[in-house]
Every structure is written in structure tokens, then in C-alpha cells.
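Scroll down for the structure; my scribbles are underneath it.
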Amino acid sequence: MTELAAGFVSMAVAVFAADMPTIPRSLSDQLKLELLDTLGHCAAASRGAAGEQVMGVMRERSGSEEATVLGTSLRLPARDAAMASGALAHLGGNGGARPAAGPRPSVVVLPAVMATAERVGADGHRTLRGLAAGYELHTRLVVAAGAGMASRAIDPNTVCGAVAAAAGAATTMELSADEITSAMGVAISMASGLLYESPPGSAASGLAVGWAAAGGVLAAELASRGFRGCHAAIEGRKALLRAFSDEDSSADDVIADLGVRWLSDATTSLGGSRPGDDDDESAGAPGAGVDRVTAATAKLVERYYDNVRGVVTEQQAQQVVDQVLTLEAQADVGGIVALHRDAASR
Amino acid sequence: MALSSNSPLAERLASFAAATQYSDLRPELVALVKLHVLDTLGVALGASRTSSWPMMLDIVAGQGGDEESTLFGAGTRVPAASAALFNGSLTHALGFDDTHLEALLHPFGAILPAVLAVAERDRLDGSKVIAAVAVGAEVTCRLGIAAGRALVQSAFQPTAVCGSLGAVTAVGSARGLDEEIIANALGLAASMAGGLHESTLDGTWTKQVHAGLAAHVAMVAIEFAEAGVTASPGVLDDVGGLLDAYGCGQIDADPIAEGLGSIWQIDDLAIKVYPTCQGVHSYVDLALDLAEQNHVPPDEIERVLVRVGPLAGVGLCEPRSLRARPQTTYAAEFSIPYCVASALVNGRLEFDAFTPASLEDERVIALAHKLDYVVDEAMDEDLSMRGWLQIQSPAGELFTAETDACRGTRANPLTAAGIRAKFHKCVAGILSDESEALIGELVGQLDSLTDITPIVAAMVSPVFARSGAPV
Chain H
2 MTELAAGFVS MAVAVFAADM PTIPRSLSDQ LKLELLDTLG HCAAASRGAA GEQVMGVMRE
62 RSGSEEATVL GTSLRLPARD AAMASGALAH LGGNGGARPA AGPRPSVVVL PAVMATAERV
122 GADGHRTLRG LAAGYELHTR LVVAAGAGMA SRAIDPNTVC GAVAAAAGAA TTMELSADEI
182 TSAMGVAISM ASGLLYESPP GSAASGLAVG WAAAGGVLAA ELASRGFRGC HAAIEGRKAL
242 LRAFSDEDSS ADDVIADLGV RWLSDATTSL GGSRPGDDDD ESAGAPGAGV DRVTAATAKL
302 VERYYDNVRG VVTEQQAQQV VDQVLTLEAQ ADVGGIVALH RDAASR
Chain V
256 MALSSNSPLA ERLASFAAAT QYSDLRPELV ALVKLHVLDT LGVALGASRT SSWPMMLDIV
316 AGQGGDEEST LFGAGTRVPA ASAALFNGSL THALGFDDTH LEALLHPFGA ILPAVLAVAE
376 RDRLDGSKVI AAVAVGAEVT CRLGIAAGRA LVQSAFQPTA VCGSLGAVTA VGSARGLDEE
436 IIANALGLAA SMAGGLHEST LDGTWTKQVH AGLAAHVAMV AIEFAEAGVT ASPGVLDDVG
496 GLLDAYGCGQ IDADPIAEGL GSIWQIDDLA IKVYPTCQGV HSYVDLALDL AEQNHVPPDE
556 IERVLVRVGP LAGVGLCEPR SLRARPQTTY AAEFSIPYCV ASALVNGRLE FDAFTPASLE
616 DERVIALAHK LDYVVDEAMD EDLSMRGWLQ IQSPAGELFT AETDACRGTR ANPLTAAGIR
676 AKFHKCVAGI LSDESEALIG ELVGQLDSLT DITPIVAAMV SPVFARSGAP V
């Protein structure tokens with residue numbers, strides 16, 4: 002399969018994540034909108050039947066209140082928060098329907114990174130680096146191997162997502178390249194998920210997504226303590242691509258032009274709406290404090306308002322929008338989630 | 256649910272789990288389960304010899320939460336799902352846990368931690384624990400017999416994948432759940448079960464936590480199934496289901512379900528005698544026998560010859576130079592030359608043969624370099640772990656030993672006393688003599704205990720408390 006020495010591909014990914022190059026403006030804009038959109042989806046899903054089931058179980062969990070379940074007032078250990086947020090994001094985003102074939106980092110990587118960021122008190126800049134690392138790896142893995150996985154009825158989104166979530170969480174923790182490699186090398190044993198149809202209305206597919214997000218958080222936590230995960234997580238003979246995909250998947254593709262070309266900068270789950278592309282249409286959207294708001298942004302902001310209507314006041318929602326859209330300037334992303342939390346708990 | 260031979264595998268396994276009671280188990284099976292419980296607790300405590308446990312302890316204990324279930328060794332009480340994760344990360348960390356040779360897996364490592372965590376939280380009696388463990392081990396082994404070989408070929412570890420599902424049935428049994436909930440939990444677990452074999456190639460630690468992850472999968476799956484989350488019944492064995500997706504093709508559910516409740520795979524479990532790869536064991540048996548007979552002083556042995564099968568044995572002798580001088584303690588566990596030489600030189604093969612200092616013992620390394628092998632297909636003929644070993648004196652005398660089944664396998668089983676002796680070796684220096692004796696006594700009476708808490712409460716060690724974790 003791979004022409005390169007075992008370990009090279011995974012190490013290249015880890016070095017990319019640890020030394021994160023400058024994130025293109027268009028991508029960081031998109032990541033912020035993904036966060037806003039996911040907060041709204043989670044808030045909406047937590048009030049739906051399947052989401053209620055998930056929240057009912059998660060409310061019985063106990064432990065340090067490290068992170069917030071996105072879009073809700075529930076605080077849990079980071080791993081549990083990521084599990085719940087991932088499940089809600091999935092159930093809210095597409096109603097728990099059969100997962101789409103493309104990468105959906107917003108339901109796996111984003112919950113893992115946000116739970117980790119809140120636990121460690123990361124600022125907006127650091128959080129964006131974690132999101133960018135996880136999104137880029139998730140996208141590249143799915144592009145390289147998603148079709149091969151899907152042909153075996155394996156869900157590329159959760160399988161690739163677990164490893165990408167580990168890389169994203171580890172980057173958010175500012176781990177070294179060696180530690181990020183280890184995080185991915187543990188996460189391959191937490192990777193799972195099938196495309197097999199769930200019963201209508203079941204939260205089952207959400208659980209699989211949440212499990213991948215939680216696995217990423219745990220893998221990064223282990224790696225940060227010195228746990229030695231596999232070196233060749235992606236390309237090894239008994240590692241991610243060989244186990245879950247087919248012989249045609251090339252590990253080399255995963256790192257082609259890595260750090261030069263951003264595959265995530267167009268293919269995220271917002272469906273190609275790229276705020277930076279049409280800067281002229283900026284009139285009339287909510288989100289005071291943001292200089293330029295495009296029509297695409299306005300549409301997503303409107304969707305956020307729709308999703309949180311009745312849970313938070315318009316003024317509170319606007320605060321969340323303002324802070325998320327200026328994420329890189331925020332000193333503590335926990336504050337954003339907390340703002341949503343405080344609002345939601347009223 | 257009315258079951259037929261067309262019923263999905265998940266429903267058939269769930270039905271077995273829901274129906275099986277302690278009273279259905281014959282006394283010999285109960286006695287065997289108790290010995291395996293003791294063995295598993297011992298190897299879990301022995302995992303204080305690994306570097307990874309303080310890391311998992313720090314995470315799990317640091318998260319705190321309701322004080323439901325005890326962390327082995329540390330004594331801290333945490334939510335049951337967290338205890339299952341941590342304790343399961345101990346049972347398989349040394350690779351010294353029990354083996355089903357045909358299923359290619361270690362069944363108790365995931366099951367026992369999950370069941371004990373639930374039993375402690377729910378205040379279950381010992382007979383429920385025995386029934387739950389027996390159910391879980393049975394399901395794990397049967398899935399392994401059907402799918403283990405294909406899973407291994409596809410890079411998955413059967414212990415992790417089959418163990419997740421077996422642990423679901425074990426926890427379902429312990430909780431007294433009905434078959435529909437257990438079937439749903441099996442379906443949910445199908446999308447969370449995983450575990451790859453990459454770390455056996457590069458010697459890293461990922462596999463050490465596989466049984467813990469499997470136990471955790473089971474706890475989460477049961478938790479959500481009890482809350483009413485449903486899953487598709489066909490997701491284990493249908494086209495596009497778990498086993499198909501993981502490279503096993505279409506699995507015939509009939510042989511997996513056939514004879515459930517009357518034929519028990521626990522009868523076939525092997526208990527590891529040495530903390531090494533199972534494929535090394537028969538050669539170590541023979542080396543120890545020859546060492547005891549003392550024909551040739553170890554330093555004067557001219558040559559050691561073994562006959563090995565092409566399936567596993569050759570790989571435990573090659574590459575020659577690395578097997579004769581292993582670079583890591585983990586690699587040493589997979590070396591016939593090193594393990595045989597160490598057994599011949601020291602007259603024993605215990606944990607202390609796998610320390611960095613032992614790898615530098617030039618007497619052992621020199622003898623390891625004198626080992627040659629010949630390939631003999633007959634060594635692979637059945638699953639009982641055959642062996643053939645010969646030593647040559649300087650005068651050219653040859654001393655040969657052979658076995659049809661290594662110690663600890665069904666054909667050459669360890670006695671109860673042998674299992675207690677292994678327990679002692681595992682916990683020496685970790686538990687006090689009083690705690691060791693108490694655990695042995697309580698596990699021996701497990702079926703009559705109304706509360707299993709005293710067992711886990713006795714599993715507290717100063718070694719585990721030294722981690723610096725908030726215990």
C-alpha cells in the first residue's frame with residue numbers, strides 16, 4: 002500500500018499538527034461558523050426525542066465538571082462531554098439519519114476539541130489550531146480511504162474521526178509531535194462504526210459518533226501522560242487504513258501537500274458555504290462586532306438563532322454569535338460555551 | 256422474542272444471556288469459573304509491573320464521580336463504567352490472562368472487570384457474578400471460534416472485538432435484563448467495538464488497554480440500551496454488519512448458537528503458566544524439565560535444537576539475531592531462543608526474566624545464540640501447543656524432551672494449587688500476605704457470598720497508591 006517507511010506518514014501528520022502552519026483565513030472563518038452551527042444543532046437536538054434519551058443517560062453520569070455538553074447546561078468530565086456533544090451534534094445535524102459518505106468533522110473532531118479546550122482553559126487561537134489539525138486530518142483520511150471503508154460498510158466518519166479527534170484534542174493540549182503520534186496510535190483501537198441502518202428515530206448512530214469523539218479525548222489524555230501508542234497509526238500493517246479500508250487506499254495521499262494545501266478548506270459539513278468568497282454581500286445580518294458578514298454567514302447565523310429560539314434570549318444568542326465569530330480574540334473558549342450554558346439553563 | 260434458527264445472532268445470544276442462571280451451571284463449571292476469576296485478579300494486580308497503569312489511573316481517578324466501584328489495586332471508588340475501563344486495562348496489560356486457543360482470544364480480561372464493577376455498584380451476590388462471567392466468557396469464546404481467525408487476518412484483535420460483545424451479555428446477565436434490552440445493547444456495541452493489532456508489531460502499549468476499552472464499550476452499550484435506545488438486530492451477523500465489515504464475511508450464526516447452555520467453552524480455556532506469548536510455553540516447559548534433570552550444566556550446553564511449526568513457531572525464532580538478543584522486554588516475551596535459554600540457565604521463567612537488566616545477562620544471551628530450529632509441520636497439527644526440544648553436551652550426548660500439550664492447556668491442565676501458585680507469583684510484593692490469603696479464600700467461596708465487595712476491597716496495594724494520582 003504505502004511506499005514510505007512505516008511511521009513516516011503518521012509522524013508527518015503529527016509534526017504538521019504540532020507545528021501548525023498559519024491557518025488560511027477562509028478556513029478559520031469556516032471553523033468558527035462550524036462551531037456556531039454545532040452549538041445550535043446540539044441545543045436543538047437536546048430537546049428532540051433521541052437527544053432527550055442521550056441527555057437522560059448523560060445526566061446520570063458524575064465526575065469533575067471539566068467541560069460542557071455543547072448547547073446545554075450539563076457539565077461533565079471532558080470525555081463524557083465529548084460523547085454527549087458528538088451524539089447531539091449528529092442527531093441535530095441530520096436527525097440521526099444514515100451518515101453521509103463525506104467527512105463530518107463537526108460531529109466528531111469539534112466536540113472532542115471543544116471539550117478538551119474547555120478542560121485545559123484554552124484560548125480561541127489555540128482552539129482554532131486544534132480544530133484545524135483535526136479537521137484537516139479527518140478530511141484527508143476520508144478522502145484517502147473513505148470509499149474503501151464505505152465499500153466494507155464501515156463508517157468513514159467515525160473511524161477516521163476517532164483518530165482525527167485524537168490529533169485535534171492533542172493539538173489543543175499543545176502536545177509534542179511524538180505525543181500526538183501516540184494519541185493517534187491509541188485512537189486506532191477506539192476507532193469503530195458501521196453504516197448499518199439504525200432503527201428509525203433511534204439514538205444509536207449518535208452514540209457511535211459520540212464514542213469516536215470520546216475516544217479521541219481519552220487517547221489524547223493518555224498520550225499526554227506518556228502512554229506510548231502505535232507509531233504508524235495511519236499506515237501500519239495492522240493499523241487504521243489496512244484494517245478498515247481496502248488495498249487501494251494510499252497512506253501517501255494522506256500527507257500529499259500537507260500544510261500547503263488545506264483539503265478541509267472547502268469540504269466541511271457546511272456544504273461548501275465559504276464566507277470569504279463573497280465578501281460583498283454583507284448587509285443586514287445579525288452579529289454586531291463582526292466587520293464583514295457575508296450572506297452565507299448570515300444564513301448560518303440565522304439557522305443558529307432558529308435552533309436556540311426559546312432556549313436563550315435573542316440578546317444572549319447574539320452574544321454567543323459575536324464571541325464565536327471573534328473566536329481567535331477570545332481569551333478562554335470555556336467562556337463562550339459557558340455563556341451558552343448560562344443562557345440555556347434559565 | 257420467539258427464536259428460530261433464522262433469528263439474528265444478537266437475539267440468540269441475548270436470549271442465552273437472559274435465560275442462564277447460576278442454577279443452570281454444573282458444579283465443575285462453577286469451580287472452573289472461580290479459578291479463572293482468581294487467575295484474572297492475579298494478572299490484573301501483576302500489571303503494576305507495567306508503565307501504563309498510572310496513566311490510566313490518573314485519568315480515571317482524576318475524573319472522580321460517584322463512588323460506585325473499586326479500582327483494582329488503588330482502592331479508589333469511581334463510577335462503575337470508569338472502574339471497568341481501568342480494571343480492564345490491567346487484566347490484559349501483561350498478556351498473562353487466560354486463553355481460548357481456537358478462538359485466539361483472552362475472554363476473562365474484559366468480562367470480569369465489567370461484571371465486578373456492576374456487582375459492586377448494584378450489591379449483587381456471588382452466584383450472579385459467576386453466572387454473568389460464565390455467560391460472557393461463553394459468548395466471547397464462541398464468537399472467537401467463528402470469527403477469530405478472520406479478525407486476526409484483518410488486523411483486529413479478537414479479545415477486543417469479541418470481548419466487547421461478550422462483556423455486553425455478561426453485564427446484561429448481571430443486571431438481570433430481558434433479552435430485548437441485551438439484544439439492543441449488543442447492537443449498540445457493534446458500532447463501538449474495535450481494537451487493532453498494530454502494537455504487537457511495534458511493541459507499543461495500545462493493546463494493553465484493549466480489554467479495558469471492551470469492558471467500557473459494554474458498560475456504555477448496556478447503559479443506553481437500558482435507557483431505551485434501540486439497535487438493529489442484524490447488526491452483528493447480517494451483510495454489512497460488524498463481523499462482515501471486519502473481514503469475516505458471512506458468518507453462520509447456527510454453529511455459534513448451537514449447544515448454548517450445554518456445551519461450555521470455559522472447559523477448554525488455557526491458563527498461562529509463563530508471562531510470555533503462548534507459543535513459547537511448550538518449549539519453556541521442556542527446558543525447565545531438562546534443567547531439573549541437570550544432564551548438562553547450562554554454560555556447557557553445546558547446542559539447543561527445537562522443532563517448531565511454520566504457523567507461529569518460526570516467527571518466534573526469527574529474525575535470529577533479534578530473537579537471541581531481544582531489544583525490549585516485550586520482544587523477549589515473543590522469543591523462543593531467549594525464553595528457553597533463560598529457563599535453562601535459571602531453572603525458572605518468571606517476571607524477573609523480563610526486566611531490562613535480565614536482557615543483559617550474557618549467560619542467557621550466549622545460550623540463546625546456540626539455539627537452532629527445524630520446521631516440523633506436525634507441531635501445528637492441533638491446538639494443544641506441542642513442543643520438541645533437544646540439548647547437546649560437549650561430548651555429543653543428546654537429551655531430548657517432547658510434549659503434546661503445554662502446561663495450562665486442557666490436555667495438561669494446571670491444578671487448583673498451580674493456579675494459586677501463579678496468583679501468588681503475580682501478587683508477591685504487591686499485596687500483603689493477609690490480603691492475598693483473604694482474596695483466595697473469598698473467591699473460593701464466591702458462589703456463597705452475598706456481597707462481593709470484600710474481594711475488591713482486599714485488592715488494595717501500596718504499589719498502586721504510589722502513583723501520585725489523587726487516590
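Residue numbers (the working numbering), protein chains in the order written: chain H, 2 to 347; chain V, 256 to 726. Glycine included, each C-beta is placed from N, C-alpha and C at the ideal position. Predicted, not measured: the structure shown is a model, and the values here were computed from it.
Asked                                                                                                                                                                                   : Found
Let me know the secondary structure DSSP gives V:S324 once reduced to three states.                                                                                                     : strand
Please decide whether V:D688 counts as near chain H, where near means a Cβ-Cβ distance under 8 Å.                                                                                       : no
Apart from the five residues on each side of it in sequence, which residues of its chain come closer than 6 Å, Cβ to Cβ, to H:S270?                                                     : For H:S270, the predicted model reports a pLDDT of 47, less than 50, meaning its position is unreliable and no value from the coordinates is stated.
Taking Cβ positions, are H:L71 and H:A90 nearer each other than 8 Å?                                                                                                                    : yes
Between V:S487 and H:L196, what straight-line distance do the alpha-carbon atoms span, to the nearest angstrom?                                                                         : 12 Å
Can you check whether the C-beta of H:C43 is within less than 8 Å of a C-beta belonging to chain V?                                                                                     : no
Report the start-end ranges of each beta strand (DSSP E) in the region 539-583 of chain V that is 3 residues or longer and not cut off at the edges.                                    : 558-563
Report yes if the CB atom of V:I436 is closer than 8 Å to the CB atom of V:A508, and no otherwise.                                                                                      : no
Please list, in chain order, the chain H residues whose beta carbon lies closer than 7 Å to that of V:L456.                                                                             : G237, R238 and K239
Extract the residue ranges of the alpha helix (DSSP H) inside the region 151-210 of chain H, only unbroken runs of 4 or more that lie entirely within it.                               : 157-173 and 178-188
Quick test of the definition: if touching needs 3 or more C-beta pairs under 8 Å, does the region 378-397 of chain V touch the region 550-560 of chain V?                               : no
Using a Cβ-Cβ cutoff of less than 7 Å, which residues in the same chain neighbour V:I506 once the five nearest sequence positions on both sides are dropped?                            : A401, A402, D492 and L498
Spell out whether any CB of chain H is found under 8 Å from the CB atom of V:P334.                                                                                                      : yes
Would you mind working out which of V:Q463, V:I526 and V:A482 sits nearest H:L208, comparing C-alpha positions?                                                                         : V:A482
With a 10 Å radius around its C-beta and 16 neighbouring C-beta atoms as the bar for buried, classify V:V629 as buried or exposed.                                                      : exposed
What residues from the region 334-354 of chain V come within 7 Å of chain A, judged by C-beta to C-beta, listed N to C?                                                                 : Structure shown: chain A not included; protein chains present are H and V.
List, in order along the chain, the chain H residues whose C-beta lies closer than 8 Å to that of V:T459?                                                                               : S183, G186, R229, G230, C231 and H232
Helix, strand or coil for H:G260 per DSSP?                                                                                                                                              : coil
Touching or not, the region 386-399 of chain V and the region 407-427 of chain V, by the rule of three or more beta carbon pairs under 8 Å?                                             : yes
Going along the chain, which residues of the region 240-255 of chain H sit with their C-beta nearer than 9 Å to a C-beta in chain V?                                                    : A240, L241, R243, A244 and F245
Can you grab the Cα-Cα spacing for the pair V:I620 / H:A244, in whole Å?                                                                                                                : 36 Å
As a quick exercise: from V:G684, V:S344, V:L571 and V:L545, pick the residue whose alpha carbon is nearest that of V:L653.                                                             : V:L545
Using a Cβ-Cβ cutoff of 8 Å, what residues of the region 190-201 of chain H are near chain V? List them in chain order.                                                                 : S190, M191, A192, S193, G194, L195, L196, Y197, E198, S199 and P200
Using only alpha-carbon positions, find the residue among H:W212, H:A221 and H:A188 that is nearest to H:A233.                                                                          : H:A188
Ordered along the chain, which non-local residues of its own chain (more than five positions away) have a Cβ less than 6 Å from that of V:Y538?                                         : V561, I591, V595, G642 and L644
Using beta carbons (cut-off 8 Å, strictly below), is H:A60 in contact with chain V?                                                                                                     : Checking the sequence shown, residue 60 of chain H turns out to be Arg, not Ala. Answer no: the Cβ-Cβ gap between H:R60 and chain V never drops below 8 Å.
What does V:L497 touch in chain H if you count any residue whose Cβ is under 7 Å from its own?                                                                                          : L195
Please list, in chain order, the chain H residues whose beta carbon lies closer than 7 Å to that of V:D321.                                                                             : S63
Spell out whether any CB of chain V is found under 8 Å from the CB atom of H:I356.                                                                                                      : Residue 356 of chain H lies beyond the range of chain H shown here (2 to 347); nothing can be said about it.
Distance, Cα to Cα, V:S344 vs H:H126?                                                                                                                                                   : 35 Å
Might you give, ordered along the chain, the residues of its own chain that have their beta carbon closer than 6 Å to the beta carbon of V:A348, omitting 5 neighbours on each side?    : A302, T305 and Q463
When you check each C-beta in the region 285-318 of chain V against every C-beta of chain H, which residues fall closer than 9 Å?                                                       : S306, S307, P309, M310, M311, D313, I314, G317 and Q318
Considering Cα atoms alone, identify which of H:R153, H:S203 and H:P157 is closest to H:E53.                                                                                            : H:S203
Just to confirm the assignment: which complete alpha helix (DSSP H) runs, minimum length 4, are found wholly within the region 303-332 of chain H?                                      : 315-326
Please work out which residues of its chain come closer than 6 Å, Cβ to Cβ, to H:A289, disregarding the five sequence neighbours upstream and downstream, and give them in chain order. : Its pLDDT being 40, under 50, H:A289 is placed unreliably by the model, and the measurement read from it follows with that caveat. Here the set comprises nothing.
Can you list the beta strand (DSSP E) stretches of 3 or more residues lying completely in the region 459-510 of chain V, in chain order?                                                : none
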